[in-house]
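For any residue, its number in this note's numbering is found by taking its place in the sequence shown, counting from 1, and adding 363.
C-beta atoms are modelled at their ideal positions from N, C-alpha and C, and glycine is treated no differently.
To keep things clear, I will list the structure first and then write my remarks on it.
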Amino acid sequence: MKLFNPSSVFKKKPDKKKSEINGAQLAPYAAKYEKSAVAEAFKILRTNLQFSIKFNEPRVIVITSPNQMEGKTTVASNLGVTFAAANYNTLVLDADMRIPNLHRQFGMENKEGLSNCLNGDCDLERAIQTTPIDNLSLMGSGPIPFNSSELLSSDRMIKLLEELKSRYQLIIIDSPPVNVVADTPIVSTLSDGLLVVISMGNTRRRDLKKTLHALDYCNILGFVLNVTRRGNESYYQYYSSRYYAARK
Ligand SMILES: Nc1ncnc2c1ncn2[C@@H]1O[C@H](COP(=O)(O)OP(=O)(O)OP(=O)(O)O)[C@@H](O)[C@H]1O
Ligand SMILES: [Mg+2]
């Protein structure tokens, strides 16, 4: 079921760190190290998604995983960078309104964002920040609300996504862990599909089963295997039953 050979990933050394990306000190790995194995793995993930979904209209993809700290935010930000590099007008949106982190990947603030919009004091121009990366914008979570599940299942969320789809070709939503809070299945019903991140050596089989059960009625596009090795080396693999089905 592997789409590419991970051993090739470790043959290359990352190119030298760029001190700045269009003036920014912080950026996801795939932007900082454009020729690294990680950047290459995200290009493969992008290609496989392009096989899975037709990008003939604006698309919304949710990134999730069973538990905390499995790499959701890392995958969301790097995938955003990778689609933006292919000239997709892309928004990364932080729907993890409990422990928001997406803005940190870009060294940006989170004073206003999704929660403001869903609470009714929405000013999209302030909630959306332009990142230093071409074609890539960010909407942070905004201040942490006490009722994130209710906000995400509100009509305002539906309207907001419609508005965002009129502005962006691709919206990548970073979400909280499925086994911990109820928010992700709610958001997923408004999306074109999900990517489930599995952290090798951390995600347990029974936790993944629980997640798949919770996402039973959602469109799972595939799985991203997030592997961390000693020495900070890491790679990503993508599995998609649909992609394989198409090739049979
Ligand atoms: N492949 C990787 N190689 C090295 N470090 C990684 C890798 N993937 C994730 N990390 C690191 O692991 C930590 C958790 O990653 P991340 O924030 O993306 O997880 P998360 O699933 O979004 O967590 P949370 O559930 O808290 O939102 C971060 O410090 C991130 O930099
Ligand atoms: Mg996260």
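Verify the contact flag: residue i, CB atom, against every heavy atom of ligand 1, threshold strictly below 7 Å.
i: residue 455; result: no
i: residue 542; result: no
i: residue 434; result: yes
i: residue 589; result: yes
Comparing the CB of residue i with every heavy atom of ligand 2, is any distance shorter than 7 Å?
i: residue 574; result: no
i: residue 417; result: no
i: residue 565; result: no
DSSP on residue i, reduced to helix/strand/coil?
i: residue 617; result: In the structure as shown, the chain begins at 364 and stops at 611. Residue 617 is therefore absent and cannot be evaluated.
i: residue 500; result: strand
i: residue 552; result: coil
i: residue 562; result: strand
i: residue 441; result: helix
i: residue 589; result: strand
Express the C-alpha separation of residue j and residue i in angstroms, rounding to a whole number.
i: residue 406; j: residue 531; result: 20 Å
i: residue 550; j: residue 535; result: 12 Å
i: residue 435; j: residue 529; result: 25 Å
i: residue 510; j: residue 563; result: 32 Å
i: residue 566; j: residue 410; result: 25 Å
Exposed or buried, residue i, counting other C-beta atoms within 10 Å across all chains shown (16 or more means buried)?
i: residue 422; result: buried
i: residue 583; result: buried
i: residue 450; result: exposed
i: residue 395; result: buried
i: residue 545; result: exposed
i: residue 486; result: exposed
* Would you check if there are 3 or more beta carbon pairs closer than 8 Å linking the segment 489-501 to the segment 464-471? => yes
* Okay, do the segment 554-570 and the segment 424-439 touch, 3+ Cβ pairs below 8 Å being the bar? -> yes
* Asked: Would you call the segment 436-449 and the segment 517-525 in contact, with 3 or more CB pairs under 8 Å?
  -> no
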